[in-house]
Amino acid sequence: MKRIIKLVLFLILILQFVFPASVSAQNYRFEVTVMEVEAYVEDDGSLSLWYYIQFQNSANADPIDFVDIGMPSSAYNLASIQAEIDGKAINKIESSPYVPNGFALALESDSIPPGQSGLVTIWIPGIKNVLSAYDGGDREDYTNFQFTPNWFDANYERSTQTHYRMTIILPPGVGDNEGVYYTPQGWPGDSSPDDTGRTEAEERVYYSWFTTNANVHTRYLFGAAFPSRLVPEDTLITKPPQDTTPGIVREPQGFLPSFFAFFSNNLCCCGIGTFFIGMFGFVFYQATIGANKRKMAYLPPKMKIEGNGIKRGLTAVEAAILMEQPMDKIFTMILFGVLKKEAATVVKEDPLEVIASKPLPEGLHAYETEFLEAIALSGVQRRTAMQNLMVTLVKSVSAKMKGFSHKETVAYYKDIMQRAWKMVEESDTPEVKSERYNQAMEWTMLDDRYQERTRRTFTTGPVFVPVWWPRYSPSYRRSIGGTTSNPVPAQKTAPGGGKVSLPNIPGSNFAANVINGATAMSAGVIGNLTSFTNSITSRTNPIPVSSSSGSGGFRGGGGGGGGSSCACACACAGCACACAGGGR
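Numbering-wise (the numbering used here), the sequence shown opens with residue 77 and increments by one.
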């Protein structure tokens with residue numbers, strides 16, 4: 077072991093002599109006042125990049141005569157790059173001597189003088205090896221794209237209020253609810269895109285972030301995911317490319333120079349970088365297992381920031397949101413709520429069809445009214461309306477929870493749920509049990525073991541069906557001579573004028589019908605539950621990108637006079653990061 081340590085120290089000592097830190101003789105100091113980046117993920121699996129960089133050179137600095145741009149992958153064609161300075165073509169584009177995986181723009185006679193500004197635009201098509209298979213546990217058959225735009229060495233770039241826009245354009249064919257963006261890492265602006273939509277030319281889905289208080293010496297990580305069917309499978313890679321040299325390079329000659337050049341350029345990746353990536357892989361693996369156990373994750377993180385006290389007064393549906401209950405269960409709770417209020421009738425069970433009463437009764441919650449409006453639609457329109465309803469509901473609950481303790485509030489409503497079940501289960505007679513269940517039905521549905529508990533509670537003995545049952549069960553409605561417009565044709569009244577329960581049915585039938593409500597809701601209304609929920613999550617709680625450091629999980633980059641280091645350390649297990657290195 078001591079010999080190994082001595083050998084490493086010896087090699088490091090040699091490196092200091094053979095490869096002393098590059099110190100530019102020139103005095104570069106500038107600010108990037110405007111930075112715009114567009115990352116186009118193409119249908120062939122490649123990446124096209126467009127940079128718009130407005131430089132403001134310092135009055136006491138030397139002219140900006142070279143601009144180094146880091147690349148996310150070594151698989152690109154230097155000859156395909158097109159660049160301009162103030163509208164004039166930049167003809168000399170070569171491999172960068174400072175950025176291990178990048179190129180240099182020689183401005184030559186168009187160098188930016190001290191105290192002056194200059195606009196550099198760059199178009200880089202056909203960059204390969206930037207996509208990977210999405211390996212999170214919350215979705216299947218998705219492709220991952222993560223990208224850090226070019227940054228400059230902090231010794232040179234001094235901006236603090238850069239007007240910075242970053243846009244990711246997904247491949248053609250991404251559906252309205254199929255694209256997912258990641259929460260940016262290190263980004264000083266809003267974590268949500270300030271603009272989303274489709275491009276005019278090809279109607280491609282895009283996500284665009286903007287802020288006025290960025291800089292261009294910090295590494296910002298952006299990303300998105302989309303269905304894998306849209307790009308060739310053989311374009312995906314499973315790990316970051318080990319070869320970080322650009323397509324056209326100045327190779328050192330001879331064995332020892334080549335060895336030391338490789339070792340110098342890859343020291344962090346081969347040693348410390350490998351350790352941290354391996355450690356991250358383990359952590360990510362554990363997190364994935366946890367994600368598989370909790371399939372729903374649509375709550376905004378800020379809702380779980382602990383406040384003080386319990387938020388009382390939530391409805392059972394709102395409490396279900398707080399507990400991140402499955403979407404199909406929540407919609408079923410809403411359905412039972414509008415049925416009990418005589419606001420709707422189930423016309424058909426499979427596939428589920430529901431019509432609203434006319435006129436609607438008073439006292440409906442906003443989400444109940446939206447539910448009735450949404451379910452009256454069909455196909456994609458209904459699914460989209462249901463998603464919008466759920467997003468609105470999640471945001472509404474999040475607003476109500478501001479300042480309150482998530483943990484204490486969840487415990488409070490779980491206690492209500494347990495007391496509701498206890499009240500039902502301890503009933504002495506079928507009549508009392510049926511009545512108590514009718515009163516507490518929505519609260520009992522908060523139980524994770526709701527189906528099992530309902531089946532166990534009502535399997536034996538009769539159930540005196542509630543007055544809303546004919547509205548829920550078309551077969552039962554027909555058996556008593558009811559119609560859609562008049563579900564209960566012969567409603568009886570008690571001596572005091574109140575309503576009484578209708579005749580009883582076998583408890584097993586009742587339990588099966590109630591339990592199947594969520595299944596019917598999922599199959600007939602929202603479709604694939606995972607896909608539906610993912611579309612909500614992408615808007616209320618975008619998939620976070622795990623990182624190994626506070627700066628976004630990347631190590632290295634740099635350049636411009638500071639020597640070489642790893643171009644990029646990937647921010648998630650099994651995926652490739654498009655990491656652009658820094659330079660002059």
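Even glycine gets a Cβ: it sits at the ideal position worked out from N, Cα and C.
These numbers come from a predicted model, not from an experiment.
- Item | Three-state class that DSSP yields for proline 333 in the structure shown | The residue given as residue 333 occupies position 257 in the sequence shown. Reliability fails at proline 333, whose pLDDT of 42 lies under 50, so the model's placement of it is uncertain and no value is given.
Note to self: Are the CB atoms of glycine 194 and isoleucine 161 within a distance shorter than 8 Å?
What the structure shows: Walking along the sequence shown from the start, residue 161 turns up at place 85. Walking along the sequence shown from the start, residue 194 turns up at place 118. Going by C-beta atoms, isoleucine 161 is nearer than 8 Å to glycine 194.
* Apply the 10 Å Cβ neighbour rule to glutamine 237 and answer buried if 16 or more other Cβ atoms are within range, or exposed otherwise. => Reading the sequence shown from its first residue, position 161 is the one you call residue 237. Glutamine 237 is exposed by the Cβ-count criterion.
State the CB to CB distance for the pair methionine 477 and lysine 405, rounded to an integer number of angstroms; the pair is presumed to be in contact (CB under 8 Å).
Within the sequence shown, residue 477 is the residue found at index 401, counting from 1. Within the sequence shown, residue 405 is the residue found at index 329, counting from 1. Between lysine 405 and methionine 477 the Cβ distance is about 20 Å, and since that is not below 8 Å, they are no contact.
Open item on the list: Short of 7 Å in beta carbon distance, which residues of its chain neighbour leucine 306, apart from the five on each side in sequence? Order them along the chain.
Closed with: The residue labelled residue 306 in the question sits at position 230 within the sequence shown. Contacts found: Asp119, Pro247, Gly249 and Val250.
* Asked: Just reading off the beta strand (DSSP E) that glycine 303 is part of, what are its end residues?
  -> The residue you call residue 303 lines up with position 227 of the sequence shown. In the sequence as presented, glycine is not what sits at residue 303; that position holds proline. Here the beta strand (DSSP E) through proline 303 covers 298-303.
Specify, as a first and last residue, the run of the alpha helix (DSSP H) that asparagine 514 falls within.
-> In the sequence shown, residue 514 corresponds to position 438, counting from 1. Note, asparagine 514: alpha helix (DSSP H), 506-520.
- What's the C-alpha gap between glycine 178 and tyrosine 127? Counting from one through the sequence shown, the residue named residue 178 turns up at place 102. Counting from one through the sequence shown, the residue named residue 127 turns up at place 51. Distance between the alpha carbons of glycine 178 and tyrosine 127 is about 14 Å.
Note to self: Are the CB atoms of threonine 287 and glycine 262 within a distance shorter than 8 Å?
What the structure shows: The residue given as residue 262 occupies position 186 in the sequence shown. The residue given as residue 287 occupies position 211 in the sequence shown. No, they are not a contact pair.
task: Tell me whether histidine 482 sits in a helix, a strand or coil according to DSSP, three-state version.
output: To locate residue 482, count along the sequence shown from 1; it is residue 406. In the three-state reduction of the DSSP assignment, histidine 482 falls in the helix class.
Cα-Cα separation, proline 376 to proline 225:
As a working mapping, residue 376 is identified with position 300 in the sequence shown. As a working mapping, residue 225 is identified with position 149 in the sequence shown. One C-alpha to the other measures close to 27 Å.
Presumed contact (8 Å Cβ cut-off) between glycine 583 and phenylalanine 534, rounded CB distance: Stepping through the sequence shown from its first residue, residue 583 is reached at position 507. Stepping through the sequence shown from its first residue, residue 534 is reached at position 458. 4 Å between Cβ atoms; contact.
Would DSSP call alanine 277 helix, strand or coil?
Along the sequence shown, one-based indexing puts residue 277 at 201. Three-state result, alanine 277: coil.
Checklist entry - Per DSSP, what kind of secondary structure is glutamine 132 in: helix, strand or coil? => result Translated into positions along the sequence shown, residue 132 becomes position 56. Strand at glutamine 132.
Under three-state DSSP, which class holds arginine 295? The residue labelled residue 295 in the question sits at position 219 within the sequence shown. Arginine 295: coil per DSSP, three-state reduction.
So, helix, strand or coil for leucine 375, using DSSP?
Your numbering for residue 375 matches position 299 in the sequence shown. Leucine 375: coil per DSSP, three-state reduction.
- Message: Do valine 175 and glycine 146 have their beta-carbon atoms positioned less than 8 Å apart in this structure?
- Response: One-based indexing of the sequence shown puts residue 146 at position 70. One-based indexing of the sequence shown puts residue 175 at position 99. Contact flag set, yes.
Under a Cβ-count criterion, where at least 16 other Cβ atoms within 10 Å of its own Cβ denotes burial, should valine 456 be classed as buried or exposed?
In the sequence shown, the residue the question calls residue 456 occupies position 380. With fewer than 16 other Cβ atoms within 10 Å, it is exposed.
Worksheet item: At what residue ranges does the region 231-262 contain a whole run of the beta strand (DSSP E), taking only runs of 3 or more?
Response: 238-245
Discussion item. What would DSSP say about alanine 475, mapped onto helix, strand or coil?
Written reply: Against the sequence shown, residue 475 aligns to sequence position 399. Alanine 475: helix per DSSP, three-state reduction.
- Say whether the region 405-417 touches the region 485-502, bearing in mind that this needs 3 or more beta-carbon pairs closer than 8 Å, one atom from each stretch. no
Determine the DSSP secondary structure at proline 546, reduced to helix, strand or coil.
The count along the sequence shown starts at 1 and reaches residue 546 at position 470. Three-state DSSP puts proline 546 in a helix.
Residue range of the alpha helix (DSSP H) that methionine 409 falls in? As a working mapping, residue 409 is identified with position 333 in the sequence shown. Run containing methionine 409: 403-416, per the alpha helix (DSSP H) assignment.
Would tyrosine 152 pass as a contact of isoleucine 203 if the rule is Cβ separation under 8 Å? Residue 152 sits at position 76 when you count from the first residue of the sequence shown. Residue 203 sits at position 127 when you count from the first residue of the sequence shown. In this structure, isoleucine 203 lies closer than 8 Å to tyrosine 152 by Cβ.
Practice item. Would you grab the beta carbon distance between glycine 121 and proline 308 for me? Rounded to a whole angstrom, and I think it's under 8 Å. Key: The residue you call residue 121 lines up with position 45 of the sequence shown. The residue you call residue 308 lines up with position 232 of the sequence shown. The pair is a contact, with the Cβ atoms about 5 Å apart (cut-off 8 Å).
For tyrosine 283, write down the residues that DSSP places opposite it in a beta bridge. Here the question's residue 283 lines up with position 207 in the sequence shown. Looking at the DSSP assignment, tyrosine 283 forms a beta bridge with Ile244 and Thr272.
Discussion item. I'd like the span of the beta strand (DSSP E) that includes tyrosine 443, first residue to last.
Written reply: Locating residue 443 in the sequence shown gives position 367, where the first residue counts as 1. Element bounds for tyrosine 443: not the beta strand (DSSP E) but the alpha helix (DSSP H), 442-451.
If the criterion is Cβ atoms closer than 8 Å, does the pair isoleucine 602 and methionine 399 meet it? If you number the sequence shown from 1, residue 602 lands on position 526. If you number the sequence shown from 1, residue 399 lands on position 323. No, they are not a contact pair.
- Item | Reference alanine 301; option with closest CA among Lys483, Gly383 and Arg215 | Position 225 of the sequence shown, counted from the first residue, corresponds to residue 301. Alanine 301 has its Cα closest to that of Arg215, out of Lys483, Gly383 and Arg215.
Under 8 Å between the Cβ atoms of isoleucine 157 and isoleucine 169?
The residue labelled residue 157 in the question sits at position 81 within the sequence shown. The residue labelled residue 169 in the question sits at position 93 within the sequence shown. Yes. Within cutoff.
Sequence-distant residues of its chain with Cβ nearer than 8 Å to histidine 441 (five each side left out): The count along the sequence shown starts at 1 and reaches residue 441 at position 365. Result list for histidine 441: Thr391, Val393 and Gly413, in chain order.
- [ ] Give the straight-line distance between the Cα atoms of tyrosine 258 and phenylalanine 298, rounded to the nearest whole angstrom.
- [x] In the sequence shown, counting from the first residue as 1, residue 258 sits at position 182. In the sequence shown, counting from the first residue as 1, residue 298 sits at position 222. Whole-angstrom Cα-Cα distance: 7 Å.
Under 6 Å Cβ to Cβ from lysine 575, same chain only, skipping five residues before and after it: list those, please. Translated into positions along the sequence shown, residue 575 becomes position 499. Summary for lysine 575: the model assigns pLDDT 49, below 50, so the residue's position carries little reliability; its value from the coordinates is reported in the next sentence. Once the five neighbours on either side are set aside, the close Cβ partners of lysine 575 are Val543.
Query - First through last residue of the alpha helix (DSSP H) which encompasses valine 393 - result: Reading the sequence shown from its first residue, position 317 is the one you call residue 393. For valine 393, the enclosing alpha helix (DSSP H) covers residues 392-398.
Should lysine 483 be labelled buried (16 or more other beta-carbon atoms within 10 Å of its own) or exposed?
Here residue 483 refers to the residue found at position 407 when the sequence shown is read from its first residue. Answer is exposed; the Cβ neighbour count stays below 16.
- Query: Taking just the CA atoms, how far does lysine 509 sit from serine 503?
  - Reply: Within the sequence shown, the letter at position 427 stands for residue 503. Within the sequence shown, the letter at position 433 stands for residue 509. Roughly 5 Å between the two C-alpha positions.
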